[in-house]
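K.L.:
Provided herewith is a single structure, encoded as structure tokens, for subsequent inquiry.
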Amino acid sequence: MPFAIHWMETRFGRTTLPGDPKRKEMTSTVGAIGPMQFMDLTWIGWDWRKDHPNVATTLGDIPDSFMASLTNPEEIKKYNGSGIDGNQDGIADPWNEIDAIHAAANYIAIHGGAQGDYQKAILAYNKSQAYLQKVLAKVKQFRQPSTQQITGESYIWPVPTLTKITSNFGNRNHPLSRKMKQHQGIDIAGPGARGQSCYAANAGTVMVKQDPGGYGNYILIDHGNGYSTLYGHLDSVLVQSGQKVNRGQLIGNVGQTGGVTGPHLHFEIRYQGTPQDPLKWIRPS
């Protein structure tokens with residue numbers, strides 16, 4: 006459900022930092038902000054107005070001078086807000102994709118989703134009947150099982166914000182052991198790599214694992230027809246073993262767990278368990 010709403014609100018808008026011009030694209034005419042389009046008072050809590058009368062707009066927008074309060078988890082708890090510190094960095098930021106998606110999922114659950122009344126939950130998010138029907142249609146679309154073979158058209162680049170390949174598939178001098186060894190995937194990195202969002206390259210079933218001396222925190226997704234993909238060295242994992250995911254669904258964040266010299270995503274494509282060169286199938290988007 007949050008996945009469909011994320012698409013509806015900002016077409017999978019991602020984390021932005023102050024000063025990023027993309028923030029203008031994720032600010033609505035009434036003041037809703039971020040990847041999931043929260044109003045300020047929905048995020049921090051409408052009870053905030055009791056301590057700050059005549060400050061917020063009737064629609065729930067508050068002045069920029071109060072932004073420190075907006076992202077403070079303690080303030081959000083005090084005022085019964087919807088904001089959540091999803092990545093546990095001490096800040097509940099509506100501009101952060103992980104925080105916003107966690108908050109949206111919680112909002113949906115509170116407003117009917119936990120009882121299975123998803124129509125009620127969606128209408129709490131947006132009261133438009135047209136919006137409701139579009140979200141439900143998008144949910145149905147995303148739930149369609151993938152029957153595609155592995156092709157450049159069916160698989161997507163897992164980290165859209167990173168395009169630099171720092172180590173290719175094949176034999177290489179291992180950066181830690183200093184010995185020649187087969188590299189079973191590609192390493193994707195770049196400036197500010199740590200914490201960047203990682204997405205499922207295609208639909209499938211998740212298996213979450215840990216390999217402290219190698220892949221670190223990693224995810225293996227079974228796509229059927231003998232194909233699977235692996236995402237290694239993640240700092241955070243946002244899915245669970247056995248979970249069904251859609252192509253393009255947020256699954257974790259780039260990190261530096263396991264045997265690494267710096268933050269990057271180790272990405273593999275396998276057929277019948279045997280690693281293939283990912284660049285034969287996909288390229289940076």
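Residue numbers for the sequence shown follow the working numbering, so the first one is 6 and each next one is one higher.
The beta-carbon is built from N, C-alpha and C at its ideal position, and this holds for glycine as well.
Note that the structure is a prediction, hence the values are computed from the model and not measured.
Which residue comes first and which comes last in the alpha helix (DSSP H) that contains Ser74?
P.N.:
Locating residue 74 in the sequence shown gives position 69, counting from the first residue. It spans 72-75 - the alpha helix (DSSP H) in which Ser74 sits, taken as one unbroken run.
K.L.:
In whole angstroms, give me the CA-to-CA distance for Gly263 and His228.
P.N.:
For the purposes of this step, residue 263 is taken as the residue at position 258 of the sequence shown. For the purposes of this step, residue 228 is taken as the residue at position 223 of the sequence shown. Cα to Cα, the separation comes out at about 25 angstroms.
K.L.:
Is DSSP giving His228 helix, strand or coil here?
P.N.:
In the sequence shown, counting from the first residue as 1, residue 228 sits at position 223. Three-state DSSP puts His228 in a strand.
K.L.:
Does the beta-carbon distance from Met6 to Ile89 come in below 7 angstroms?
P.N.:
Sequence index remark: in the sequence shown, residue 6 carries index 1 (1-based). Sequence index remark: in the sequence shown, residue 89 carries index 84 (1-based). Taking 7 angstroms as the Cβ cut-off, Met6 and Ile89 do not qualify as a contacting pair.
K.L.:
Evaluate Ile115 with the Cβ neighbour count: other Cβ atoms within 10 Å of its Cβ, from every protein chain shown; 16 or more gives buried, anything less gives exposed.
P.N.:
Working through the sequence shown from its first residue, we reach residue 115 at position 110. Ile115 should be labelled exposed.
K.L.:
By a C-beta neighbour count over all protein chains shown, 10 Å radius and 16 as the cutoff for buried, is Thr152 buried or exposed?
P.N.:
For this step, residue 152 is matched to residue 147 along the sequence shown. Annotation note: pLDDT 45 at Thr152 (below 50); position unreliable, coordinate value reported separately. Classification for Thr152: exposed.
K.L.:
Just verifying my parser: in three-state terms, what is the DSSP assignment at Leu239?
P.N.:
Working through the sequence shown from its first residue, we reach residue 239 at position 234. Strand at Leu239.
K.L.:
Going by the DSSP bridge assignment, what does Gln292 pair with across the sheet?
P.N.:
Residue 292 cannot be examined here, being either before or after the span of the chain that is shown, 6 to 290.
K.L.:
Just to confirm the assignment, what range does the beta strand (DSSP E) spanning Gln187 have?
P.N.:
In the sequence shown, counting from the first residue as 1, residue 187 sits at position 182. 185-188 is the span of the beta strand (DSSP E), which, as asked, contains Gln187.
K.L.:
Would Ile193 pass as a contact of Phe174 if the rule is Cβ separation under 7 angstroms?
P.N.:
Locating residue 193 in the sequence shown gives position 188, counting from the first residue. Locating residue 174 in the sequence shown gives position 169, counting from the first residue. No, these two residues do not count as a Cβ contact at 7 angstroms.
K.L.:
Quick check on the DSSP output: the beta strand (DSSP E) that includes Ile5 runs from which residue to which?
P.N.:
In this structure the chain extends from 6 to 290, so residue 5 is not present and cannot be described.
K.L.:
Whose C-beta lies closer than 6 angstroms to the C-beta of Gly91 among residues of the same chain, with five residues either side of it excluded?
P.N.:
In the sequence shown, residue 91 corresponds to position 86, counting from 1. Correct list, in chain order: Ile103, Asp104, His107.
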